[in-house]
Every structure is written in structure tokens, then in C-alpha cells.
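First up is the structure itself, then whatever we jot down about it.
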Amino acid sequence: MPQRDDAAAVDTAALRDLLDGRWAAVRRRAREVLRGPEFAPRHGLGMEEHRARVTGQLHTLAGTDLARYGFSPEYGGAGDVGASVVAFEMLVCDLSLMVKLGVQWGLFGGAIQALGTERHHAAYLPGVMSLEIPGCFAMTETGHGSDVQGLRTTATFDPDTDEFVVHTPDEAARKDYIGNAARDGRLAVVFAQLVTGGQRHGVHALLVPVRDADGAPMPGVRIEDCGPKAGLNGVDNGRLWFDRVRVPRTALLNRYGDVAADGTYSSPIANPNRRFFTMLGTLVRGRISVAGGAGSATKAALAIAVRYGEVRRQFSRPDRDEEVVLLDYLAHQRRLLPALARTYALHFAQEELVSRLHDGLSGEPLDDRGQRELEAHAAGLKAVATWHASETIQTCREACGGAGYLEENRLPQLRADTDVFTTFEGDNTVLLQLVGKSLLTNYRQEFGSLDTLGMAKFVAGQFLGTVVERTAARSLLDRLVQAAPGRDGEAGLLDREWQRALLEDRENHVLEGLARRLRAASAAGADPFAVFNDVQDHVLLAARAHVDRLVFEAFAAAVDRAGDAGTRTVLGMLCDLSTLSLVERERAWFLEHERLTPARAKAVTAAVNSLCRRLRPHARALVDAFGLNDEWLAAPIALGAEEARQAEQARAGEPVGASSG
1 MPQRDDAAAV
11 DTAALRDLLD
21 GRWAAVRRRA
31 REVLRGPEFA
41 PRHGLGMEEH
51 RARVTGQLHT
61 LAGTDLARYG
71 FSPEYGGAGD
81 VGASVVAFEM
91 LVCDLSLMVK
101 LGVQWGLFGG
111 AIQALGTERH
121 HAAYLPGVMS
131 LEIPGCFAMT
141 ETGHGSDVQG
151 LRTTATFDPD
161 TDEFVVHTPD
171 EAARKDYIGN
181 AARDGRLAVV
191 FAQLVTGGQR
201 HGVHALLVPV
211 RDADGAPMPG
221 VRIEDCGPKA
231 GLNGVDNGRL
241 WFDRVRVPRT
251 ALLNRYGDVA
261 ADGTYSSPIA
271 NPNRRFFTML
281 GTLVRGRISV
291 AGGAGSATKA
301 ALAIAVRYGE
311 VRRQFSRPDR
321 DEEVVLLDYL
331 AHQRRLLPAL
341 ARTYALHFAQ
351 EELVSRLHDG
361 LSGEPLDDRG
371 QRELEAHAAG
381 LKAVATWHAS
391 ETIQTCREAC
401 GGAGYLEENR
411 LPQLRADTDV
421 FTTFEGDNTV
431 LLQLVGKSLL
441 TNYRQEFGSL
451 DTLGMAKFVA
461 GQFLGTVVER
471 TAARSLLDRL
481 VQAAPGRDGE
491 AGLLDREWQR
501 ALLEDRENHV
511 LEGLARRLRA
521 ASAAGADPFA
531 VFNDVQDHVL
541 LAARAHVDRL
551 VFEAFAAAVD
561 RAGDAGTRTV
571 LGMLCDLSTL
581 SLVERERAWF
591 LEHERLTPAR
601 AKAVTAAVNS
611 LCRRLRPHAR
621 ALVDAFGLND
631 EWLAAPIALG
641 AEEARQAEQA
651 RAGEPVGASS
661 G
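The sequence shown: position 619 = 619 (full-length UniProt numbering), numbered continuously.
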């Protein structure tokens, strides 16, 4: 176990290099490009003014390498998917710009790249990158958001004209919340039920023009503005209807399904369900990007709150006139520092996930199991990271008091802009169910349909065997005892192997309990839907336990990679705080299942307090290491306004921090 040294110092440059990670050059490039008045955050903009500003910024970025990272080199791209995700994460100067860029080059362009073939790539990708072809990603419908298989828009092939007829059959099938649709989009990737020869072949994607060169809706296309939203008002979300709109047969993005001139359907994947999930799997980059974007917003909020907490004073100590700095209060440390630790943990988990995505697309292709694991991890991390963003940004707002409520200090905008992150690219609760349910897909072919017996056999056998395969054969309870030589003291709690064993054991036990419930229901012959519906609480807990363990392992690995000794020591304390604050939050489970004694649970709380105090001197260095330009933060309370106010009071002969009234 590495020794903890409270006198250790953080080498901010070394820590920034560690955080910048594999795509450090991309992060440095973004810090250079996103400078000056054009990209400085502005508050108080009207919706139309904000939309116009973001569109102008996007045109500027179209002339840089940030627009080309994720596309094929044959058409002017860089062929670096990991770089495209990291570039998206860096756009914290305005989350509307982040999302607008994600729609154009991630969702719209990414769908053409992933679902189209060479003819689509050659015809469209150069214009997508240059922004000559601004586009939309038209998947979500009013009646079906998370349930993509249930989409009702149809694309019916007409062999007489060699065209698809794209149609919105009812109001529930209108495309809703579509980014770029209300103002700028000219071409849309439309997801629809493919029909040919009277037979449905499931959801496929087609390229459908929605506006002409003058910006007017195309014949048969109806467009409506979604109007002002709680946040992200620089993004022009709109609704789309299609009234028997005809597009050529070649408009079908045909990598996974094609239609011949005579109407014959063909696909390299015979099973319709497997075909559908394979198509969606190619779009997993969106969820991974959202998780990273949420992390960037969280970092900005923490940087603002920690900087303010380091200088803002409230309440005098009995022994001196000067009031106490907020961050010197343990209660304030507890608000911000565990959240900071969790943000670091999620950052390193995100970095690992981006690397897996990149390597799976640029190197040896992932097998079916590897692809399912990638999708499950992306779903789980997106859910956990976006919930963490909402909670942490709100905490930062409260930690800054009334100053945090002012628009000029960015926190209200960050809170509003990230709120929707919990539901777009998948509702978080649904995504956590997918983390568990996607593992059942491993046995879909073997069991044919996911009947109760099939689910029980899978979860009881392969599920537990694959997810917990790293655990040792001996009892985990024995490991918990043996790995904690300090018994109820802090030393044992800071043992990394004890922490790992505790989280592995929680994951293992929850999954075993889920398996037992499914087995019992199977024996009773219960209805399959009722069975799964009745265990949804357990499925969600299993997903959280799984993600918590993955996040811990990513952070622990990052601590080991830190080269500078002092930085590694502080980072180790931060990893301890992230882990023990999680254990403290979930202590009811650990106590109920006798993984912690009451005395040890109290020791966890004492250790969290101790770690907060020990990390307090390093708080500023830890947020500075994020590498967020001051002009991106743009909050006066983070950029010297409070220090200037106190200096003015001192010049006036007033006690620093005391009221002048």
C-alpha cells in the first residue's frame, strides 16, 4: 500500500498530462482553438441570437481539424474516433456548441460513416465536414423515445419509381427534439420502418432532404420549432413530419440492409434483432460523448466553486477578526471534495471507455461479446456520469450561495444545459436496465427467446461467470477480512485491495441475488414480463454495482500510472475518498449484508472526514489540473472578483470579509 504523506505536493503540469491522457494533443489543440471573444461564454442571449452565434462558431470550427477527427481519411478525415470524442468533451465554453457539434459531426455525420457505404461516404462526408451539408439525426419520435424498435415512421419501397416513400402515419410518429431541424438542417438521417413487397424489415436509416438551398422546407416536409427550452437554447431543436416524401433507392444507408431495384431485401445479418442491435451498436459513440461532455461541465462547476470557496469568507473565529474561508469548513469540504474525487474517477473510466471504442473501430474488430460489453459499459457510464453532473453542479451552485445563482457566474447555465443529458441518448434508468439486460443477449441465439428459464439459466451461469471472473476462488468474505489488517481503523480502509474486494463482493452478491430471484420465478412458472418487471429494482442495483466497480478500477489504475511521487500520493488519497464516500453513501447495503460492522461503518465516515481535511490544501491544484481555460469558466467569482472586493474592504479599513453595512 502506498504511503500517505500529507505534505505531498501536486505537480499540476504532471497531473494535467495524466488527465489529458492518450489524446493529449487533441486537448491541447482545443485549448488553442477555442480562444478569444468568439468562443468566450456569454450570458443573457436571446434564443435566436444564441442560435446564430453557435452556428457561426460551428462554421469557424469547420475550418479546423476538430471537424475531421472522426471521419475516413479517404474523404479528408483523420480516422481517429477517439479524438472526435475528446474534442467534443472540450467544448465546455458553451454546451450548446458542444451539442450542435455533436449533432453535425457525431450523430448526423457519424451515422453516414457507420451505416452508409462508399457511395454515401464519397457523396456526403466532405460536405458534412465542411458544413456545406448541415444535417439532422432524426431518430426520436413523440410516441417512442427510448424504444427505437417501436418507431412508426415508414419508408416503403416503390419498385415502379425506384424510390422510397417516407411517411409519418400519425402524430405519435412525428420526429421530435431533433437537433438542427428548426433552423439550419438541410439533410436528415431518418430512422424508419423499412417496408418492401408488403413485408417489414425493421428500422433502417435513410437520407432525406428537409430544406432546399434557400432554407425552405422541401415538398412534403413539415417543420416546427420546439421553441425555448430549459437549457441549450443555442441548439435549434425541431419537429419533422413527412407526407409521402420520395427519395431515391440509393438514399438508404445500406451497410446492414439493402433493397434491389426489384424490391428484394438483403442483409449480411439474417437475424432481424441482431441486425437492429448491430446497427445501433455502431452509434454507441453518442452515449460515450454525452458522458464525457457531462464530465467536462462538472469539472467547470467544481473549478468555479473550489476557487470561490478558497477566497470567500463567512463567520469570524473567536480568536481573530478575520472571517473563515469557506473551504476551511469541513462541511464545505464534504460538499465539494468527494464530488471532485468522483469526477476524477469518472474521468479515468471515460478515458478507458474511449480507448476501447477507438481500438474496436480502428484495430481488430470487437467480437459479439466485446461489442455488447462496450455498449453496456457506455450505457452504464453515461447514466452514472450524467446523474453525477446534475447532482454536483447543483451542489456547486449552492456552495457559492447567492453568487452561484447569478447568470454571470455560469453555474445556473451549466445546471440547465446538463439537465437534459440524463435523458438524451437514452433515459438513464432505461440505460441501467440495458446494462443488465444486454448481458442476456449473449444467450439469445442459444435460448431462442428470452423466456423465464432462459433468463434464469443465463444470469445464474454465464452472467455471473463473466462479470465476476476476476474474483479469486476463495471466499470473498475471507478476502475482506484478510485484506483489512487495520480492523476498524483507517489504515485498513485505505488498503486498495480491501476496497477492490469490497466492491467486487457487492457486485457478486447482488448478481447472485438477482439470479436466485429469477430461478425462483422460473420454478413457479411465472409470466416472463412479470418476472423481469418484478426484479427491475434488483437489475438497476446490479448495474450500479457493476459500474461502480469499473469506475474504481479505472481510478486505481490511473493512480499507478502517475509518475510524480507527490502527485501519485495525492491522487491516491483522492481515489480513497472517491471509494470511501461511495461506501458511506451505500452503507445501508453494506450493513444490512454484514459487509461492514457498525464500528467499521463509523470508521468509514471518520476516514472520509480525514481525507477531506488532508486534501483541502490540494483542492485548487486538483481543479487547475483539469486544464480549463479561465475564459471558458468566465465566472467573475472564479476569476478574482471576490479577492478584489475583499481588497477594497481592506483599503477602506474594514475587517476582511465583514459586512460593511
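Just so it is clear, CB atoms sit at the ideal spot from N, CA and C, and this is done for glycine as well. All figures in this text were calculated on a predicted structure; none of them were measured in a lab.
With distances taken between CA atoms, V92 lies nearest to F39 out of A524, G63 and F39. C-alpha of P169 to C-alpha of T140: approximately 15 Å in a straight line.
The C-alpha of E642 is placed about 10 Å away from the C-alpha of E648. Shortest Cα-Cα distance from E171 to any of R239, H120, G109 and D212 involves R239. With contacts defined as CB atoms closer than 9 Å, H43 and R410 qualify as a contacting pair. Between the alpha carbons of A556 and T579 lies a distance of about 10 Å. Rounded to whole angstroms, the Cβ separation of A155 and H204 is 7 Å, and the two are in contact under 8 Å. In terms of Cα proximity to A341, the closest of A385, R35, E352 and I223 is A385. In the structure shown, R244 adopts coil according to DSSP, grouped into three states.
At least 9 Å separates the beta-carbon of G231 from that of Q57. Between L125 and G109, the C-beta gap is smaller than 9 Å, which places the two residues in contact. With contacts defined as CB atoms closer than 9 Å, E375 and L434 qualify as a contacting pair. Here N237 really is in contact with A182; their C-beta atoms are around 6 Å apart, less than 8 Å.
Distance from the Cα of I133 is smallest, within the candidate group T117, R119, L207 and V81, for L207. Per DSSP, reduced to three states, the secondary structure at L194 is strand.
For E425, no alpha helix (DSSP H) encloses it, and the DSSP letter there is neither H nor E. The residues V535 and H538, in chain order, have a CB closer than 7 Å to that of R517 in the same chain once the five nearest residues on each side in sequence are set aside.
Around V245, the same chain offers V165, V166, H167, V208, M218, P219, G220 and V221 as residues with beta carbons nearer than 8 Å, after the five sequence neighbours per side are excluded.
In the assembly as shown, E224 is an exposed residue. Its beta-carbon has fewer than 16 other beta-carbons within 10 Å.
DSSP places L550 inside the alpha helix (DSSP H), whose first and last residues are Q536 to R561. Inside the stretch 70 to 146, DSSP marks whole alpha helix (DSSP H) runs of 4 or more residues at positions 81 to 89, 95 to 101, 109 to 115 and 118 to 130, from first to last along the chain. Contact annotation: L596 and V608 have beta-carbon atoms that are not nearer than 9 Å.
By the 16-neighbour rule on beta-carbons within 10 angstroms, E425 is buried. Under the Cβ criterion (8 Å, minimum of three pairs), the stretch 310 to 329 does not count as touching the stretch 268 to 276. Assigned with DSSP and collapsed to three states, S267 falls in coil, not helix or strand. By the Cβ-count criterion, S581 is buried, with 16 or more other Cβ atoms from all chains shown falling within 10 Å of its own Cβ. Here N533 is exposed. Its C-beta has fewer than 16 other C-beta atoms within 10 Å.
For the pair G370 and R255, the CB atoms are not nearer than the 9 Å cut-off. Per DSSP, A155 is one residue of the beta strand (DSSP E) stretching across T154 to D158. The DSSP-derived three-state label of G238 is strand.
With at least 16 other beta carbons inside 10 angstroms of its own, F242 counts as buried. Residue state for A205 is assigned as strand, using DSSP reduced to three classes. A distance below 7 Å between beta-carbons, with the five flanking residues on each side excluded, links A378 to the following residues of its chain, in chain order: V284, R287, I288 and L353. The three-state secondary structure of D176, taken from DSSP, is strand. Inter-segment contact for the stretch 342 to 349 and the stretch 306 to 315 is absent: fewer than three beta-carbon pairs are separated by less than 8 Å. Looking only at I112, D328 and E32, the smallest Cα-Cα distance to T250 is reached by I112.
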